[in-house]
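Participant:
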Amino acid sequence: MDPRSEVLLRQPEYFGGDLLLAGLPADDLLGHLPAAHGWSWHAGEQAALTARFAGRSHFGVTPPEGAFERALLFLPKSRELADYLLDSLAARLAGRELFLVGEKRGGIERASKRLADYGTPRKLDSARHCQLWQVTVERAPDTPDLHGLAQRYELSLADGPLSVVSLPGVFSHGRLDRGTALLLEHLDGLPSGPLLDFGCGAGVLGAVLKRHYPDNPVTLLDVDAFAVASSSLTLSANGLDAEVIAGDGIDAAPSGLAAILSNPPFHQGVHTDYQATEHLLRQAVRHLAPGGELRLVANSFLKYPPLIEQHLGPCRTLAEGDGFRIYRAARR
1 MDPRSEVLLR
11 QPEYFGGDLL
21 LAGLPADDLL
31 GHLPAAHGWS
41 WHAGEQAALT
51 ARFAGRSHFG
61 VTPPEGAFER
71 ALLFLPKSRE
81 LADYLLDSLA
91 ARLAGRELFL
101 VGEKRGGIER
111 ASKRLADYGT
121 PRKLDSARHC
131 QLWQVTVERA
141 PDTPDLHGLA
151 QRYELSLADG
161 PLSVVSLPGV
171 FSHGRLDRGT
181 ALLLEHLDGL
191 PSGPLLDFGC
201 GAGVLGAVLK
211 RHYPDNPVTL
221 LDVDAFAVAS
231 SSLTLSANGL
241 DAEVIAGDGI
251 DAAPSGLAAI
261 LSNPPFHQGV
271 HTDYQATEHL
281 LRQAVRHLAP
291 GGELRLVANS
301 FLKYPPLIEQ
311 HLGPCRTLAE
321 GDGFRIYRAA
331 RR
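The sequence shown begins at 1 in the UniProt record's numbering and counts up one residue at a time.
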């Protein structure tokens, strides 16, 4: 059981009835709260919740349409995303209770101060290195406009400017990260056929690929619903057509790919996690056509080449700079 869920269950008197759990972990919490339902934006956690509690969790970037008596937010890592989520919930809870739970190392004490915008917050519990807060919403905000919260910027590329649309919570929100910038310089010579942008974020790499290889089908894949929405907005802003899908890692990708390109993530919440990237390196061969390429950027300190060579083929370093390396390998 997630420690944040354990803290909730120490205070069962607050969590009966029609409760919305926003950003809930994929543990047994819904089993302990039979009248509650969830809202998730993580495709992997949503799949696990659906498998165990069919019909009780909503997936997307906005709350479910139905009414709920109270809501609890599991604090996300991103401050901008937390602000959007709190406002989205508080807008639906005039005169009712909103709860916030999170780890101390995840910034719960700072985030709890945001509850004062809605009423008088109070701490209900502190345990398992977590805190649980509550506020009765006396000042409900307007429903936030998610697209209005997007940050937009433009990249100057050799074939013209590219508009990027980034929603709250998306990796490298509102700016081009250094790793992707380096990878964009090494996209030439890809084989003909379907291309995959794995961990697409705001869709920069996928949009550049589609413009650079207009005859190649391009798929953009991310585990996060906000990233999927951002990528769709970026493609639309540039008049590009590509498939964007939400899925839990490389297993959700199509097969027969000519190339997989990625600036893969290695963080999940406040904890470091290399699992998704390591799984990509182990399973890429199952999704690549014979001769298909894996091309990715990674921090120089990450020891990915041995894993790539074990599961795919000889690994070559195409470039190095600013603390990053570009690796290339082809399916034997």
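Glycine residues also receive a C-beta, built at the ideal position from the N, C-alpha and C atoms.
Which of helix, strand or coil does DSSP assign to T62?
Facilitator: coil
Participant: Taking the straight line between their C-alpha atoms, what separation do you get for H37 and D322?
Facilitator: 45 Å
Participant: Can you tell me whether DSSP reads Y14 as helix, strand or coil?
Facilitator: It is helical.
Participant: Excluding the 5 residues flanking I326 on each side, which residues of the same chain have their C-beta closer than 8 Å to its C-beta?
Facilitator: L182, L183, H186, R295, L296, V297, T317, L318, A319, E320
Participant: Hey, out of G102, T50, R70, G189, whose CA is closest to G292's CA?
Facilitator: Checked all of G102, T50, R70, G189; the closest Cα to G292 is G189.
Participant: For P264, which of A258, G256, H279 has the nearest alpha-carbon?
Facilitator: Of the candidates A258, G256, H279, the residue whose Cα lies closest to the Cα of P264 is H279.
Participant: Relative to the C-alpha of A276, which candidate in D222, E309, H147, A227 has its C-alpha closest?
Facilitator: D222
Participant: Using the C-alpha atoms, what's the distance from L33 back to E13?
Facilitator: Whole-angstrom Cα-Cα distance: 11 Å.
Participant: Taking F198 as the reference, give the member of L49, G174, D224 with the closest Cα.
Facilitator: D224
Participant: A94 by DSSP, collapsed to three states: which one?
Facilitator: coil
Participant: Could you tell me the alpha carbon to alpha carbon distance between V204 and K210, rounded to whole angstroms?
Facilitator: 10 Å
Participant: Which residues in the same chain have their Cβ closer than 7 Å to the Cβ of P3, if we skip the five residues on either side of it in sequence?
Facilitator: Excluding positions up to five away in sequence, the list reads R128, H129, C130.
Participant: Confirm, please, whether the CB-CB distance from L281 to F226 is below 8 Å.
Facilitator: no
Participant: When we look at the beta-carbon of residue 347 and count the other beta-carbons within 10 Å, is it buried (16 or more) or exposed?
Facilitator: This structure cannot speak to residue 347, because the chain is shown only from 1 to 332.
Participant: Looking at A71 and L98, is the spacing between their C-beta atoms short of 8 Å?
Facilitator: Cβ distance < 8 Å, so L98 and A71 count as in contact.
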